[in-house]
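Have a look at the structure below before the remarks.
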Amino acid sequence: MSLSRPPVPAAAPDGPSVEGPVRVDARTKNLTKRLAPGDIAVINHEDLDQVSAYALVSCRPAAVINAAASISGAYPNLGPKILLDAGVPLIDRAGEALLTQVTEGATGRVTGGQLVVDDQVVAEGTLLDLQQVEEAMEEARGNISEQIEAFSRNTMEYVREERELLLDGIRLPDIRTEIEGRYVLVAVRGYHYKEDLQTLRPFIREARPVLIGVDGGADALLELGYRPDLIVGDMDSVGDAALRSGAEIIVHAYRDGRAPGLERVQSLGINDAVVLPAIGTSEDVAMLLADGMGAELIVAVGTHATLIEFLDKGRQGMASTFLTRLRVGGKLVDAKGVSLLYR
344 MSLSRPPVPA AAPDGPSVEG PVRVDARTKN LTKRLAPGDI AVINHEDLDQ VSAYALVSCR
404 PAAVINAAAS ISGAYPNLGP KILLDAGVPL IDRAGEALLT QVTEGATGRV TGGQLVVDDQ
464 VVAEGTLLDL QQVEEAMEEA RGNISEQIEA FSRNTMEYVR EERELLLDGI RLPDIRTEIE
524 GRYVLVAVRG YHYKEDLQTL RPFIREARPV LIGVDGGADA LLELGYRPDL IVGDMDSVGD
584 AALRSGAEII VHAYRDGRAP GLERVQSLGI NDAVVLPAIG TSEDVAMLLA DGMGAELIVA
644 VGTHATLIEF LDKGRQGMAS TFLTRLRVGG KLVDAKGVSL LYR
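Written out as structure tokens, the structure reads:
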């Protein structure tokens with residue numbers, strides 16, 4: 344991701360402090376929707392992932408304070424290094440109490456590892472530097488074999504439970520969008536998804552695929568000037584503008600029919616959303632929907648494929664994704680492969 348804009352000044356233990364309004368949210372992806380340049384971001388995000396780190400950097404905060412461990416040692420996550428490389432100070436392990444001790448919008452000052460509000464130290468953690476992060480990542484690499492073993496074991500266990508995805512797919516809903524015989528592009532908020540969408544502009548212009556945004560992936564489509572045809576997901580990270588864009592909305596529900604995201608959609612005055620109970624992730628559901636509706640080709644943008652990507656998402660296995668890819672088969676093409684054909 345391009346970080347061409349200059350970073351805000353960094354606080355250092357022996358250097359000048361930085362000040363700004365404090366923005367607090369336990370969910371990083373919710374915080375970045377309202378984070379402005381110069382704000383102090385307070386998050387609670389163990390093992391800060393790459394996508395979340397880039398989203399924070401793009402907001403140009405004065406500093407990021409993490410109540411949790413930004414790198415716990417479970418695996419070598421890249422988020423902390425991305426922040427530091429961009430010049431954003433990162434205070435680590437400040438404690439969960441911080442989330443309720445600071446008022447949203449209050450003016451804070453970061454000095455070293457401390458957050459000061461109204462001349463009171465409200466939180467203290469460790470101001471990380473690159474050496475500390477690199478040492479922690481090196482230690483985490485030593486644990487990756489354990490993660491692979493646990494991940495593989497969990498995957499095979501859930502394959503047995505979720506094999507119906509391969510055998511039966513999903514129940515296909517009634518939708519207006521015509522998919523049969525067409526190319527479909529599925530955009531997910533994942534690694535380098537915005538850059539991949541940029542490189543696919545010639546493909547989108549020429550092939551005119553059906554555009555499916557999976558939660559926040561719909562926002563990326565909208566930012567580039569494309570209105571999604573379908574939005575699939577639990578609706579926890581997609582913006583109001585995308586939901587109001589006129590796209591058909593499919594709310595991914597639990598197997599028992601509970602759909603927490605439906606209330607949010609209906610609160611926007613959208614009453615024709617389709618509820619689709621299904622196991623697996625929302626990106627799996629989007630691909631299975633495209634396949635079941637007769638798509639000729641499915642182009643995946645930002646979807647998860649590697650161990651680190653799954654661990655970044657907090658996934659302990661990939662059974663549904665494994666089964667989905669088996670079912671979709673040769674229809675599925677990665678965005679990078681398609682972009683090479685349209686250079």
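Position one of the sequence shown corresponds to residue 344 (the numbering used here), numbered consecutively onward.
Glycine included, every Cβ here is placed at the ideal spot set by N, Cα and C.
Since the structure is predicted, the reported quantities are computational estimates derived from the model, not experimental observations.
{"query": "Status (buried if at least 16 other CB within 10 Å, exposed otherwise) for Q393", "result": "buried"}
{"query": "Those residues which DSSP pairs with I383 across a bridge", "result": "V365 and A406"}
{"query": "Beta carbon of I383 nearer than 8 Å to that of G451", "result": "yes"}
{"query": "Nearest-angstrom beta carbon gap, D677 and A643 [assumed within contact, 8 Å]", "result": "6 Å"}
{"query": "Through-space distance from L399 to A563, alpha-carbon basis", "result": "15 Å"}
{"query": "Segments assigned beta strand (DSSP E), at least 3 residues, entirely inside the region 567-622", "result": "573-576, 591-596 and 617-620"}
{"query": "8 Å Cβ cutoff met for I386 and A406", "result": "no"}
{"query": "Inter-residue Cα distance where the pair is Y597 and I613", "result": "20 Å"}
{"query": "N- and C-terminal bounds of the alpha helix (DSSP H) containing E477", "result": "L473 to R484"}
{"query": "Outcome for L675 when other beta-carbon atoms lying within 10 angstroms are tallied against a minimum of 16", "result": "buried"}
{"query": "Cβ-Cβ distance between D558 and G533 below 8 Å", "result": "no"}
{"query": "Buried versus exposed call for G568 [16 or more other C-beta atoms within 10 Å across all chains shown]", "result": "exposed"}
{"query": "Rounded separation between G600 and I592 - CA only", "result": "16 Å"}
{"query": "Simplified DSSP state of R525, which is helix, strand or coil", "result": "coil"}
{"query": "Of the residues F546, T542 and N420, the one placed nearest V527, counting alpha carbons only", "result": "F546"}
{"query": "Buried/exposed call for T667, threshold 16 Cβ in 10 Å", "result": "buried"}
{"query": "Contacts around A417, its chain only, beta-carbon distance under 8 Å, and the 5 residues preceding and following it disregarded", "result": "D390, A483, N486, Q490 and L654"}
{"query": "Assigned exposure category for L331 - 16 Cβ within 10 Å defines buried", "result": "Not covered by the structure: residue 331. The range shown for the chain is 344 to 686."}
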